[in-house]
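A.B. asks: Residue numbers (this note's numbering), protein chains in the order written: chain A, 61 to 374; chain B, -18 to 418.
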């Protein structure tokens, strides 16, 4: 008889880190498949390069840091690689994809101490790096295969609105019949994946609800004042990377707050910055910077906004 | 009958394998080991010497302070030795080892036995004290102390705790089914003793038959109400029950009497009945023997001090394949290194697991599952970080000593972090440092 003596409890729930990561990947598959459908096989190469580079960087840096290298198999690097790919333009040079993915894992994750210790969402740091390093390829958008246009490059729905004041039909935004990054085409498929994670309770409902509601409200107020100058709030919700960001990026547990009060401030903050950057900034899209900015508030929010304990004086 | 539910906590697989096994008297063992410390507070002072003859029910250890309790011999025989023995929680304590000899003889009770209707509050305090009765729900706090709250805190509500929210355990369930009247009589005595206006009998809905039995009994009895609770762990914890049923929050660091409540486990009430009506001290209790691969999951009326091995063997437990033997339930019970440990007043069950294994621990991902499951709303993520960093003041401010170690946080953690273990370590370190200074 060789009995294990350990501290209670002696039974455990069914969730585990690899299982959560697996379900995040599953939830992203419809949007990933749609990107191949809209942009062709090239979309697949972008995703593969990003994921493989992320996994290899993770493994090498764990080795270098003398950590348990099986941690590279927990699925988190895979998720980072896939998320980064979904934020990139389909026409981007594959070597740039690799650089972005390596920066995401090495600089944003491993250098902070690895899984659980990073302050910023790794995929978004990778994208921010690429945006700074390769501004032209990062803002060159090829038309999707279903758009019958005689042009090698087109504007994204948000770019079209910002620079030419063109509105894209809601239906096209919903179904993905637009140009843009791999993963920001079909709002509907992203919503589906996000709802799947919500039903499985792998993400906190307050985050997408807070972000989407605040974008809708902040933009709605402006739109009511001047519907010529500002886009309608439904367009704001469906266009660009908002769905991807609100359901899959901002919900990253590591880089989002824990307490309900903190989560509300965090998510409404993201919504506020998205509207601010999109409508008043120099760039057409601001989801990435909004999330990164609010990521930096998380340690502070977690420190000062803990929930009141049972029996604690108010 | 009113129906209520707790909001937080978890609902693990119930595993109540022994729910339909009636309570069986466990055969008289050849020897019992009776530790002098089986309760919260100071250990009892031994009253017996080596080679002394003792009768069943004879007091062999006297309470050594206000928060303490006497212990009694559960058999008739001779004290073979007074020596330290291993307890289920891994510590050691002085114990009387008594070998069973001759015809069973009962000692006279050290308190007057009267008709229940003639008992006064003072009688009941004396009985619970003299009979060595402690909270059998797990905390083993001396009952006589619990039913003597300070005058400035009047008790208005008594809650009979039949929640038995721990998975696998069925000892309270069987007691409620087979001894409904005795438990209710003791509950009425308790309510009289503390002068409460209302009485509640709280039972989870996986024991609907027990709730119905009490409903029949309390029907038409003024001031009593059966509360059917949706099964949820740790609903049976005092603070959870008071919150769910009375809507009151026991202040941090406080006790139920601070909010006018008294919670008493059904096993304890049965022990009170035995002492008050029959003059029998706490020398037996119901122990559920259950678990994976156990042939006959059982509920044994067991003499305190019987070796766990005897009970496990009787129930057909797969001792060779066991990877864990637990005193108590799977959420709060204590894993032991060997089954050769005596059953104590606190032993509600013996649980065998054959599939328990060590789990790979991942770093915290701040998913907050522990925070949202915690019945006390502790921000576990940060509390444990503070403990790991040795930041004791911050840990205390984040509820280190508020934690009741129910295990919900560790249960839900997808990173398999032994959160409760860290909290226990934190409490230990702070207590040690405070003792030094």
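Virtual Cβ for every residue (Gly too), placed ideally from N, Cα, C.
Keep in mind the model is a prediction, meaning the values are calculated, not measured.
(1) Using CA coordinates, which residue listed in 290/A, 299/A, 263/A is at the minimum distance from residue 310/A?
(2) Work out the CA separation of residue 140/A and residue 123/A for me, nearest whole Å.
(3) Listing by chain order, which chain B residues have their CB less than 9 Å from the CB of residue 268/A?
(4) Using C-beta distances below 6 Å, list every residue in its chain close to residue 248/A, excluding the 5 sequence neighbours before and after it, in chain order.
(5) Assuming residue 316/A contacts residue 271/A under a Cβ cut-off of 8 Å, what Cβ separation, rounded to an integer in Å, is found between them?
(6) DSSP state of residue 16/B, grouped into three classes?
(7) Taking residue -16/B as part of the beta strand (DSSP E), name the residues at either end of that continuous run.
(8) Run through DSSP, which three-state label would residue 245/B get?
(9) Just the Cα atoms here: how many angstroms apart are residue 252/B and residue 304/B?
(10) Rank 357/B, 335/B, 137/B, 29/B by C-alpha distance to the C-alpha of residue 224/B and give the top, closest one.
(11) What's the C-alpha gap between residue 206/A and residue 152/A?
(12) Please go through the same chain and pick out, in chain order, the residues whose beta-carbon is closer than 7 Å to the beta-carbon of residue 367/A, but skip the five residues on each side of it.
(13) Can residue 42/B and residue 53/B be called in contact, C-beta distance under 9 Å?
(14) From the DSSP output, read off the bridge partner residues of residue 282/B.
(15) For residue 309/B versus residue 145/B, is the C-beta distance shorter than 9 Å?
(16) Note down, one range per segment and in chain order, each alpha helix (DSSP H) of at least 4 residues found wholly within the segment 187 to 216 of chain B.
(17) If you run the structure through DSSP and keep just helix, strand and coil, what is residue 175/A?
(18) Bridge partners for residue 172/B per DSSP, in chain order?
(19) Please report how far the alpha carbon of residue 285/A lies from the alpha carbon of residue 278/A, in whole angstroms.
(20) Between the segment 260 to 271 of chain B and the segment 172 to 192 of chain B, can you find at least three pairs of beta-carbon atoms closer than 8 Å?
(21) Could you tell me the alpha carbon to alpha carbon distance between residue 265/A and residue 258/A, rounded to whole angstroms?
(22) At the 9 Å Cβ level, is residue 327/A part of the contact set with chain B, yes or no?
(23) Classify residue 341/B: buried if its beta carbon has 16 or more other beta carbons within 10 angstroms, exposed otherwise.
(24) Smallest Cα separation from residue 316/B: which of 20/B, 71/B, 15/B, 18/B?
(25) On the three-pair Cβ rule with 8 Å, is the segment 55 to 63 of chain B touching the segment 79 to 95 of chain B?
(26) By the criterion of Cβ-Cβ separation under 7 Å, what are the contact partners of residue 372/A in chain B?
(27) At what residues does the beta strand (DSSP E) containing residue 149/B begin and finish?
(28) Could you confirm whether any beta carbon from chain A is found closer than 9 Å to the beta carbon of residue 312/B?
(29) Is the shortest distance between the beta-carbon of residue 408/B and the beta-carbons of chain A less than 9 Å?
(30) Can you list the residues of chain B that residue 184/A reaches, using a CB-CB cut of under 8 Å?
(31) Measuring CB atoms only, is the segment 197 to 205 of chain B touching the segment 107 to 120 of chain B, in the sense that at least three cross pairs come out at less than 8 Å?
(32) Tell me, to the nearest whole angstrom, how far the beta carbon of residue 330/A is from that of residue 354/A; I am working on the premise that it is less than 8 Å.
(33) With DSSP run on the structure shown, which of helix, strand or coil describes residue 262/A?
(34) Span of the alpha helix (DSSP H) holding residue 326/B?
(35) Per DSSP, which one or two residues make a beta bridge with residue 159/B?
(36) Short of 8 Å Cβ to Cβ, which residues in the segment 71 to 82 of chain A face chain B?
C.D. replies: Looking at the atomic coordinates:
(1) Start at 1 with the first residue of the first chain, and residue 310/A comes out as number 250. Residue 310/A has its Cα closest to that of 263/A, out of 290/A, 299/A, 263/A.
(2) Residue numbering aside, residue 123/A sits at position 63 when the first chain is read from its first letter. Residue numbering aside, residue 140/A sits at position 80 when the first chain is read from its first letter. Answer to the nearest angstrom: the Cα atoms are 19 Å apart.
(3) By one-based count along the first chain, residue 268/A stands at place 208. Under the 9 Å cutoff, chain B gives no residues; its nearest Cβ is about 15 Å from residue 268/A.
(4) Taking the first residue of the first chain as position 1, residue 248/A is located at position 188. Within the same chain, residue 248/A has close Cβ partners 234.
(5) Counting from 1 along the first chain, the entry for residue 316/A is found at position 256. Counting from 1 along the first chain, the entry for residue 271/A is found at position 211. That pair is no contact at about 11 Å.
(6) Mapped onto the second chain, residue 16/B falls at position 35. In the structure shown, residue 16/B sits in a strand (DSSP, three-state: E or B).
(7) For the purposes of this step, residue -16/B is identified with residue 3 of the second chain, where counting begins at 1. Unbroken beta strand (DSSP E) run through residue -16/B: -17 to -15.
(8) Locating residue 245/B in the second chain gives position 264, counting from the first residue. In the structure shown, residue 245/B sits in a strand (DSSP, three-state: E or B).
(9) Translated into the one-based positions of the second chain, residue 252/B becomes position 271. Translated into the one-based positions of the second chain, residue 304/B becomes position 323. One C-alpha to the other measures close to 33 Å.
(10) Taking the second chain and counting its residues from 1, one reaches residue 224/B at position 243. Ranking the options by Cα distance to residue 224/B, first place goes to 357/B.
(11) By one-based count along the first chain, residue 206/A stands at place 146. By one-based count along the first chain, residue 152/A stands at place 92. If you take the alpha carbons of residue 206/A and residue 152/A, they lie about 19 Å apart.
(12) Along the first chain, one-based indexing puts residue 367/A at 307. Once the five neighbours on either side are set aside, the close Cβ partners of residue 367/A are 319, 320.
(13) By one-based count along the second chain, residue 42/B stands at place 61. By one-based count along the second chain, residue 53/B stands at place 72. Taking the C-beta atoms as reference points, residue 53/B is found nearer than 9 Å to residue 42/B.
(14) As a position in the second chain, residue 282/B is number 301, starting the count at 1. BP columns for residue 282/B point to 6/B, 267/B.
(15) As a position in the second chain, residue 309/B is number 328, starting the count at 1. As a position in the second chain, residue 145/B is number 164, starting the count at 1. No. Outside cutoff.
(16) 189 to 199
(17) Here residue 175/A refers to the residue found at position 115 of the first chain. In this structure, residue 175/A counts as coil in the three-state DSSP scheme.
(18) Taking the first residue of the second chain as position 1, residue 172/B is located at position 191. For residue 172/B, which the question treats as bridged, DSSP gives no partner whatsoever.
(19) Here residue 285/A refers to the residue found at position 225 when the first chain is read from its first residue. Here residue 278/A refers to the residue found at position 218 when the first chain is read from its first residue. Whole-angstrom Cα-Cα distance: 11 Å.
(20) no
(21) Taking the first residue of the first chain as 1, we reach residue 265/A at position 205. Taking the first residue of the first chain as 1, we reach residue 258/A at position 198. In a straight line, the C-alpha of residue 265/A is about 6 Å away from that of residue 258/A.
(22) For the purposes of this step, residue 327/A is identified with residue 267 of the first chain, where counting begins at 1. Chain B contact via Cβ: absent.
(23) If you number the second chain from 1, residue 341/B lands on position 360. Counting Cβ neighbours within 10 Å, residue 341/B comes out exposed, since fewer than 16 surround it.
(24) In the second chain, residue 316/B corresponds to position 335, counting from 1. Of the listed residues, the one whose Cα sits closest to residue 316/B is 71/B.
(25) yes
(26) Along the first chain, read from residue 1 onward, the residue named residue 372/A stands at position 312. What residue 372/A touches in chain B: 233.
(27) Sequence index remark: in the second chain, residue 149/B carries index 168 (1-based). Counting along the chain, residue 149/B falls outside any beta strand (DSSP E), and DSSP gives it neither H nor E.
(28) Numbered from its first residue, the second chain carries residue 312/B at position 331. Output row for residue 312/B: interface = yes.
(29) Stepping through the second chain from its first residue, residue 408/B is reached at position 427. No - not a single Cβ of chain A is within 9 Å of the one on residue 408/B.
(30) The residue labelled residue 184/A in the question sits at position 124 within the first chain. Correct list: empty, because the minimum Cβ distance to chain B is about 17 Å.
(31) They do not touch, by the three-pair rule.
(32) Taking the first chain and counting its residues from 1, one reaches residue 330/A at position 270. Taking the first chain and counting its residues from 1, one reaches residue 354/A at position 294. Confirmed, Cβ separation roughly 5 Å.
(33) Mapped onto the first chain, residue 262/A falls at position 202. Coil at residue 262/A, not helix or strand.
(34) Taking the second chain and counting its residues from 1, one reaches residue 326/B at position 345. Run containing residue 326/B: none; DSSP gives neither H nor E here.
(35) If you number the second chain from 1, residue 159/B lands on position 178. As DSSP reads the structure, residue 159/B sits in no beta bridge.
(36) Residues 71, 72, 73, 75, 76, 77, 79, 80.
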